[in-house]
Structure formats: structure tokens, C-alpha cells
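Working notes for the structure below.
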Amino acid sequence: MSGKIPAPTSKNSAGYDFKSIEERWKKLWYDNNIYKAVDFSPKEKKYILAEFPYPSGRSVHVGHMMRYTMPDMYSRYLRMKGYNVLFPMGWDAFGLPAENFAIKTGTPPQEKIAELSKQYKQAMQDIGYGIDWDREINSTDPDYYKWTQWIFLRFYEAGLAEMREEPVWWSDKMKTVLAEEEVIKDADGNLVAERDGSPVRRRKLRQWVLKITEYADKLLEGLQEIDFQESIKKAQTSWIGRSEGAVVKFPIWTADGEKTDLQVETFTTRVDTLYGVTFLVIAPEHEIVENLKGLAKNTEQLQEYIDKVSQKTDLERQQNKDKTGVRLEGVYATSPIDETQQIPIFLADYVIATYGTGMVMGVPAHDERDYEFADKFGLTKPIVIVDKDGNKLEDLEEYGYLTNSKDFDGMSSEEAKEKITKMLEASGMGESKVTYKLHDWLFSRQRYWGEPIPLIHRQDGTVEAVAHTDIVDEVEKNLPVVLPRVDDYKPSEDGSSPLERATEWVQTVDSDGNPAKRETNTMPNWAGSSWYYLRYIDPHNDKEFADMEKMNYWLPVDKYFGGAEHTTLHLLYSRFWHKFLYDQGLVPTPEPYQWRMNGGILLGPDGVKMSKSRGNVVEPQKLLEEYGADLVRMALVFLGPYDGVYPYNKNSFDSCSRTVSRLLDLSEKVGNIENADDLMREKRIIHKALRAITNMYENMKMNTAVSEIMTAVRDLREFDTIDPEVWSILLRMAAPIIPFVTEELWQKSLGYPEWKNENSVHLQEWPEVDESLLQEDTVEIPVQVNGKIRGKIEIPIDADEETVEQLAKAEANVARYLEGNEIRKFIYVPGKIVTIVV
RNA sequence: GCCGCGGUGGUGGAACUGGCAGACACGUCGGACUUAAAAUCCGAUGGACGCAAGUCCGUGAGGGUUCAAGUCCCUCCCGCGGCACCA
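Numbered per the working numbering, the first sequence finishes at 838, counting up by one with no gaps.
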């Protein structure tokens, strides 16, 4: 070969022409839609869902492949297992990348998305995903977002969508508002937008919110019914942040001893510590401060503090947790249970305006923060909770028994909570209450590329829906509210939407025929993805978002795969939408997803997160070019478990190449075996592998499934002839992982007949394990003496304990350790192990 | 600080309900084929001692339960993810 230039070839490292093989079968599979999901099939259904991608960039990246390949293999397995499988795909295409591209180039996002989604679909077909493309959806298609808008109107009609003027997170770079969940802390601790890392600040704007807080309890309770990873349940639970407590009101008095109408309304989870209150704290941003600061004698000083706090960045506030505050001089409060007791009031920024009531009762002896504050301001710290012997508690926030609490002395914290709350309720000075950390969902964006919010602003300042969702004619006529084409996609400096400039579109008429203006804000990126799994069920329905009978058949989603970053965003939002729709009688199940697993991350070859700037990005297109789809699929899942975080490693490709190449060698040897012994051994090999691999597919452990294939192929190599039935099992069990090569070999074994769907290896029945072949007559088990393995014995599989004991004692090395000792205990775990204690 | 997940050979990772730790690979070493190399094939490969049979040690550290612990319990260390002055 020296000196010769090799002829151009599309052979890969496994030595076969993958391109022609892949082209041939790909075309037949998708032209004939062999992966069709059949509505109402008598077969049992399985709905396998992987989060639909946002088509940005040129094509799928390796992260997508990590996310979709395993679920594809799993659904292929289920299909062969005899299930009616729905494994759909679509495009979550509203949002910033297409819009930014539009701003830069003037290309309408509609066109860009059409182009990109085509490329993505092509790439997914190239990789060989078993998707029913008749159910492809696109969240930016008006036929799709018509129903996103329709559902929004349901929320609106139910009073769960509301317009509010409120301080919101704003990104100057993106010129849009962001939901609480979309703001994160970067490496330096600065608050930034999750999407692009741009800095954010608070700004007051008129915004639409969806009242997800009204579903807080339902979202929490629902978690108990579904199989999500524990980490996901915990994350959602702490995000919702439910805490039970009580509101306690403290009347406010002026310096002259006059009682005002104002009250410091605190929220506490420790109402049992009420007798330990020595001060009250109000968040400086709280609106009541406007009314209060005038009453105090130190108005100026208070204002100074308020100003200082408002200038503090959130970063400073988080980093510097030293307690600061100012007392409202002259003003004081009294205890709701004892008006003779005067309590000072402070403004302090350790209290958060947006949580609870924005005011707290300071109980320095039993709350760490209050303790620090009291320390700083020289306040007393009366102990009101002690242990049952009346001693001081080690942990100051622990529960115990009351002391210094008048009638309640000696009562347990739990009991006192109840009794004190009752007493407060009786006097109208308090009540039990539940609060949440969860905020309502900020649902409007000042951007072009999103679903228009289907509302109209009337001349009188009121708002109306473009259609009543229960009147079919209105819905038909008025939905969707289609995004108008505009010339300029740039957001406006003043925080209004670019749609504001589409004046013709904005002008409309209300239901009375009077001129009105359309709402120009659009929905956030999360809207379309909050219900897309419903649309896959009935993607072409133009009368409803999905047919109830079909939903009844397919729901809930059996397995849902996606990214960990969606735990408190998409996964919570869509559960909220679903629960709302359920309450409206529009979907048949209380939860959308029965089971969820978050995917891991593939790091660069250097073990660091892939990034363009680091130059450690693995390009799937290049991998496909070099190795072909089968090897890429196999090698990627062989790297490690689905939810793991590990580096890309070329080794995996080398070993998978070798295995596929050996598989091809085996295919040359298929024929009838004369030697009955060999046949039996082959059968044993394949059924043992089959049993293992079935279990691994079942548990979605594709990395070990690959190793089973490797082992089976290796073990079969020693035979000159491979039995056709053994071969058939091998191909079928490898088919979900390497669909192209196995199809090629399967069709070859059939003599390449004319294509028929039912001849595809992917629609064959999953082979049954023949357990009788795997029954061994004897088994080798270890013998322990005092916990250490001292020998191994061969025993008949059904040997009784006595026989085993004889054999064990007879083993030479074991005997050495038994010599001169009395056997105190003999344990035989059948078929597993023998333990002797001396 | 709180919550969750994890820590296993030189490396990626296996190990179902406690029952032979290190499957399957990569790498390394040795061998076969070759003029040579690549590819391919065969063998060895946790550490220590030993010619060997075998012995001792070994799943982040320390304790415990058990005939038996990577797996269960307690304390601690480290890494990753989430939350964080949330009353």
C-alpha cells in the first residue's frame, strides 16, 4: 500500500460502507413510517417523551444526542416488546436565538425556524431515531399556538391571568423582563439572566402574571403520586417552599400614646414564642413604611436608610449579612396579648418584603437572625422555650416547652402554637396562615418572537379576551392571533414590545365594535412547552387542542427525559398547566408525566464542560461522517449512564468499532450447525446474554447493554458456524442500539426480499429467554471460613444442605482452616455461598 | 448554613433485594502474524509477599451492626447540583 493514495471510501473504522447502508434503510423506514404510533391500538401503550429541542445553531449538537439516543433505544426496545409506542418529536421554536438572528439579518424568524427545523429533522433521521414524524409539531406554527393562546384564555377566564404593575427583573441587554426562575447567580455571585448571562435589575412595569401560587398545594401534593427522581421532587418542593405558621398583628401607637389604625402584621412559624417578642422588623421596601415614617420622630434618618438600602445591589445584600437597621423613634407597637407591653419597631433589610407579610416579630432568644439583630441593638433576649427540665436549649431554634409565657407555661411548643393561634383568632389579632416562596409566574415579554397574548384593551381601560373559549365560532374566528410581519424586530428602549410599532395590527375593535388596541406583549418561551406533550397525541386536530378519547388512551406520559435545568421551570410550569386543565375537565389525568429522569452532561475530552471558547466541543456531524450513525449511537451510550456527568472519550468508539466489525464477520458464518454440542453452547451464550440485556433495556442501562453485546459477540467468535436462530436473537437484541447495521444483516438473512414493514428487524418480536437452557446441573460456589473465602466447591444445583456441608468440609484449603476447630455455625445460602464459623 | 446526589484500579465505568468487588472497555506489558510498521489475533493486568499452592491489604476517613458490608447505621472529610437573612 505504501505510496498509494487510498481510494475514496465511506467505510468507517469498523470496515463497512456505512453510508450506503444508512441511506437505504433510512429512506425505507421513514417513507413507510415504520415507527407509527397507533391511536387506540389494542396493544398496551407507552408514551416515551424527550424534551423537544430549541432549534438553534446549524444542527443538533452532541448534548441533544446524549439526551435523545437512550430514549430512542428504549422506545425501540418497547416497540419490539409489543407495546404501541409513541416517541414523538417537534420544535420548541419561539425565543431569542431566532429573534436575535432576525434582528441581525432582517430574516423573519418564521423563515429561519423553518430552515432550522428541517435541518434538525434531517439530523435526527441521520442518527436513526425511531420517531413517528407524522406527529411532528412546531410551537411557532399558528395552528399550534392557536391552542397555546386558547389555553391562556382559559386561564384568563378562570381569573388566573392577571395584569399587575410590579417590580420585575429586567435585562438591559435583552430588553425584556424575566421571570424569577429565569434569574440566576453567576460564578461571581452577580444576578444575571439564565439565558444569556446578561445583568438584570429591578424595574416596575405593567405585566401579566399567571397565578401559579394558587396551585402551590396541588403541585406539592401531586409529587407524591408520581415517580420523579428524589432530587427533582426535593428541588420542586423547596422551590414551592410551603411553610405553615400564623399571622400576628401588633397595633401601632404614636409617641403620645395614641393607638393608630396601623398594624405591624407579621408572619411567623413560631407563634409559640410570642411571649419572647422584644422588637418588630419591617422590610424597608414595604409599602406600609410610607405611612409609618411620617409618624416617627426620625423621618429623615429613616429615609436615609431606605435610600441606602435601595441602592445596595442584591449582591452586596447577599454578601454582607451584617445586620443593619433603624428604629422608628417615637412610634411603638404593643403586643396583641398585652397592650401594656411596648415593643420597638425597626426597619431592617434582613427582612424580605416579598416573603410572608414583609414584617417579622423579633424573638431574639429563639431565632438566629433576631439574635444577631438584638445583639447589635442591645435588646434583651428573654427565654420562653426550654427543655422539659426547664433548662436552656442547646439549639436556640429547637422546639421545647414554654416558660415566661403566662398561662402557657409548661405547654409544649406544638400545643402552644395551636392554643395561642386560637387565642389570637378569637381577639382578631391573628390567624393561622400558610405562605410559599413560590411567586406568581411572570407571563409577558416585550419581545417579538413569542405567542401574542390574545387580549384586547378597550377604550375604557378594561381588558377583554379575543374570544370566549367555550364558543366554537368565536374561537374559530378570532384565534389564532397571528404574529404580524414587521420590519424591525428590535425591542424598544422604553420597555414596550416591538409589536407596539405594528400599528395596523395593534388597531382592532372590541366586542362592542369600538376601536381597541391589541395587547402587544408576547408570551414567554415556556408557554408552548407547557402543553406540547398533549399536542403530540392529536397533532392535526383543528377543533380542540387534543381529542379527549385520544388523551385518555395515551396519557400520562410514561417516561419523560430532559435536562436538569428544567426542574423548577418547564417541569413545574407544565405540571401547573396540566393541573389547571384537569380542573377544567379538559385533560383526563391529574399529572402529565408519570416518571421523569434528568439527563447528565457530556463534558469535553478534557473533562471540562464543552464550550466554543475552550475549543473542546465535539461536533456530532463530524462523528457521523467518520463513524456512521450506529457507531456514534453505540459509543455514546457506552460512555456511561444516562444521568451521569463524564467526559467524551474516543476509546469508546474504538471498542464499539471492533465489536461491530466482529459482528459483520459473524454474519459470514451463519448456517446450520451439525455439532449438537456446539449448537447447545451457542444457544446458552445467546440466551444468557438475552436475559441480561433484557433486564438492562428494561432499566435503561444502555452502557451495560452494550457490554453484553460485546461479550456475546466475543463468545460466539470461537464457532465456525453460527446457528440462524442464535443469529436472529443476536440481531434483534442489538437492533435498538445499532439500527442500521442490524437491519442490513437482518434483511440479508432474509435474502433481501422486497421491502415490507413487517420484515424490518425493528418490528420483530423481542425474543423470549429460554430459561431451560440456562439451568446448570452444577454450580461453583465459594466457601467462607470466618468471613474469608478459603475455597470453592462444585455442587449439584439442587444439593441439600447436608451434602453441601460435606463437600465444603472436604475442600482441601477449607479443611486446613477447620482443622482442630469446632464448627459453631454453618450457613448455606442456596446456590450462592457457604459460610462456616469456627 | 440547609436539601439532594456522589466518592470503587492508571482511565471510563460494572456489581439485582447485604452473599466471590473490579463485569465490559481503554491504556499498559508480553506474545503471534509481518522485512518492518499499522491493523488484526492470543495472553497478563487492584496493591504487597511468594517459585508455587497460597497469604495479607483493598470500594473517601473513622467507628458500628452482621456468619458476611461498596451496599445498612453513626460521625467526619471531599466533589457536584439546587436553595439560601424565607421568619
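Positions of the beta carbon are idealized from the N, C-alpha and C atoms, including for glycine. Since the structure is predicted, the reported quantities are computational estimates derived from the model, not experimental observations.
Do residue j and residue i have their beta-carbon atoms positioned less than 9 Å apart in this structure?
i      : j      : result
THR469 : GLU157 : yes
VAL726 : ILE693 : no
LEU379 : PHE279 : yes
LEU569 : ARG596 : no
VAL183 : LEU205 : no
PRO88  : LEU49  : yes
VAL386 : ASP370 : no
TYR642 : ALA635 : no
LEU302 : LEU328 : yes
TYR144 : ARG535 : yes
PRO454 : LEU220 : no
LEU347 : VAL281 : yes
Residues bridged to residue i by DSSP?
i      : result
VAL277 : VAL277 pairs with nothing; no bridge assigned.
GLY791 : VAL783
HIS457 : VAL463, LYS517
PHE17  : The residue you asked about is not Phe; residue 17 is Asp in the sequence shown. Per DSSP, LYS11.
GLU165 : ARG206
MET359 : ILE282
SER611 : Partner(s): none; SER611 has no beta bridge.
ARG596 : PHE228, TYR560
LEU602 : TYR646
TYR47  : LEU86
VAL264 : PHE250
GLY430 : VAL248
Can you look up residue i in the DSSP assignment and give me helix, strand or coil?
i      : result
TYR35  : coil
MET124 : helix
ASP839 : No answer is possible for residue 839: it lies beyond the span of the chain, which begins at 1 and ends at 838.
MET700 : coil
ALA365 : helix
ASP227 : strand
LEU483 : coil
GLU682 : helix
ARG79  : helix
GLY245 : strand
THR835 : strand
TYR573 : helix
ALA255 : coil
TRP170 : strand
ILE5   : Residue placement at ILE5 is flagged as unreliable, the pLDDT there being 39, under the threshold of 50; a coordinate-derived value is accordingly withheld.
TYR215 : helix
ASP375 : helix
GLY528 : helix
How would you label residue i, buried or exposed, when you count the other beta carbons within 10 angstroms and need 16 or more for buried?
i      : result
PRO284 : buried
GLY294 : exposed
GLU414 : exposed
PHE40  : exposed
THR340 : exposed
GLY831 : exposed
LYS788 : exposed
LEU774 : exposed
GLY428 : exposed
GLN868 : The question about residue 868 has no answer, for the chain in this structure spans 1 to 838.
MET680 : exposed
HIS540 : exposed
THR835 : buried
Taking residue i as the reference, which of the options has the closest Cα?
i      : options                        : result
PRO864 : TRP766, TRP577, GLY325, THR176 : This structure leaves residue 864 out entirely; the chain is present only between 1 and 838.
MET700 : LYS612, LYS490, ARG76, LYS388  : ARG76
PHE545 : ASP558, PHE561, GLY528         : GLY528
GLU99  : TYR533, SER497, ASP654         : SER497
ASN552 : VAL783, SER13, LYS45           : LYS45
LEU750 : SER335, SER667, VAL192         : SER667
SER10  : GLU801, ALA629, TYR646         : ALA629
GLY245 : GLU51, THR266, MET73, HIS64    : THR266
GLU819 : TYR828, GLU418, VAL837         : VAL837
SER657 : ASN649, VAL632, PRO647         : VAL632
THR354 : ASP272, VAL209, GLU166         : GLU166
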